[in-house]
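Undergrad: Per the numbering used here, residue 6 is the first one in the sequence shown, and the count goes up by one each step.
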Amino acid sequence: MRVLVVEDETLLAEQVKNHLMQQQFSVDLSHDGSDGFFKISEYPYDLAIVDIGLPKLDGLSLIRKARQQDIKTPIILLTARGSWQEKVQGLDAGADDYLTKPFHMEELLARCNALIRRAAGQPDPTLSAGPVSLNSRTQQVWSHGAEVSLTAYEYKVLEYFMLNPTKVISKTELTEHIYDQDFDLDSNVIEVFVLRLRKKLDPDGELKPIETLRGRGYRFNLAVGA
Numbered sequence: 006m007r008v009l010v011v012e013d014e015t016l017l018a019e020q021v022k023n024h025l026m027q028q029q030f031s032v033d034l035s036h037d038g039s040d041g042f043f044k045i046s047e048y049p050y051d052l053a054i055v056d057i058g059l060p061k062l063d064g065l066s067l068i069r070k071a072r073q074q075d076i077k078t079p080i081i082l083l084t085a086r087g088s089w090q091e092k093v094q095g096l097d098a099g100a101d102d103y104l105t106k107p108f109h110m111e112e113l114l115a116r117c118n119a120l121i122r123r124a125a126g127q128p129d130p131t132l133s134a135g136p137v138s139l140n141s142r143t144q145q146v147w148s149h150g151a152e153v154s155l156t157a158y159e160y161k162v163l164e165y166f167m168l169n170p171t172k173v174i175s176k177t178e179l180t181e182h183i184y185d186q187d188f189d190l191d192s193n194v195i196e197v198f199v200l201r202l203r204k205k206l207d208p209d210g211e212l213k214p215i216e217t218l219r220g221r222g223y224r225f226n227l228a229v230g231a
């Protein structure tokens, strides 16, 4: 999943980025609210983490402006202030959750995963689609009861498919959600990942979980929840 972190404390921003990247997230950083608002307006993020005390544009204003533009990206508000008034203001501005500094990275990760699943209508960490199941907490995948070994990017592609079942997803959309913003969007690596997933999930060619739609992209054809 692709995450935007808007945090002016450089060390904390790097710590959050590194921890999320270790968990297979693609992460973009902004160090002020103005740049953060530009990025969330221009790029398709699955989640944003926004500090309340930002230069140029504070976190609450950033969130209000994003919601006024009908940007539906789930947002976690970070604040060093523990008062209930700050939390209420953040939720009223349009934040979906909040976390008070200092915090444990494990809690931030859990909240990120929960919000992404909730936004996709999949509150349970285990997604099932026919004989295929994926646990977003442990990042394990099974097919017909046997665990499937996937690379980090193969896992990212499959998770995005399973969070968006039956949706037609272009190569560009997949690339934007699994890579940082400076990745070459013309790369053909997405085709390679999809080919590998087909072989690993469906070695006998009977399941056909991923359909190629010429000129349009791909579609995950297994019903999630079934």
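Even for Gly, the Cβ is constructed at its ideal location relative to N, Cα and C.
Which ranges does the alpha helix (DSSP H) cover as unbroken runs of at least 4 residues, wholly within the region 29–75, from first to last along the chain?
TA: Entirely contained in the region 29–75, the alpha helix (DSSP H) runs reaching 4 residues are, in chain order, 38–47 and 64–73.
Undergrad: For a test of the three-state rule: what should DSSP assign to G95, helix, strand or coil?
TA: Translated into positions along the sequence shown, residue 95 becomes position 90. If DSSP states are grouped into helix, strand and coil, G95 belongs with the helices.
Undergrad: In whole angstroms, give me the CA-to-CA distance for V229 and A53.
TA: Locating residue 229 in the sequence shown gives position 224, where the first residue counts as 1. Locating residue 53 in the sequence shown gives position 48, where the first residue counts as 1. If you take the alpha carbons of V229 and A53, they lie about 25 angstroms apart.
Undergrad: Could you check whether M6 and D51 sit closer than 8 angstroms to each other, using their CB atoms as the reference points?
TA: To locate residue 51, count along the sequence shown from 1; it is residue 46. To locate residue 6, count along the sequence shown from 1; it is residue 1. Against a cut-off of 8 angstroms, the Cβ pair of M6 and D51 comes out as a contact.
Undergrad: Out of R123, I121, I183 and L206, point me to the one whose CA is closest to H149's CA.
TA: Stepping through the sequence shown from its first residue, residue 149 is reached at position 144. Per the Cα distances, L206.
Undergrad: Relative to the C-alpha of F166, which residue among I183, S154 and A151 is closest?
TA: Translated into the one-based positions of the sequence shown, residue 166 becomes position 161. Answer by Cα proximity: I183.
Undergrad: Return the chain-ordered list of same chain residues with a C-beta closer than 8 angstroms to the C-beta of L120, the five sequence neighbours on each side being excluded.
TA: Sequence index remark: in the sequence shown, residue 120 carries index 115 (1-based). Cβ neighbours of L120 beyond the five flanking positions: L52, P79, I81, D101 and D102.
Undergrad: What does the alpha-carbon distance come out to for the pair L212 and Y223?
TA: Taking the first residue of the sequence shown as 1, we reach residue 212 at position 207. Taking the first residue of the sequence shown as 1, we reach residue 223 at position 218. Taking the straight line joining both Cα atoms gives about 15 angstroms.
Undergrad: Helix, strand or coil: which one does DSSP assign to F225?
TA: The sequence position of residue 225 within the sequence shown is 220, counting from 1. Strand at F225.
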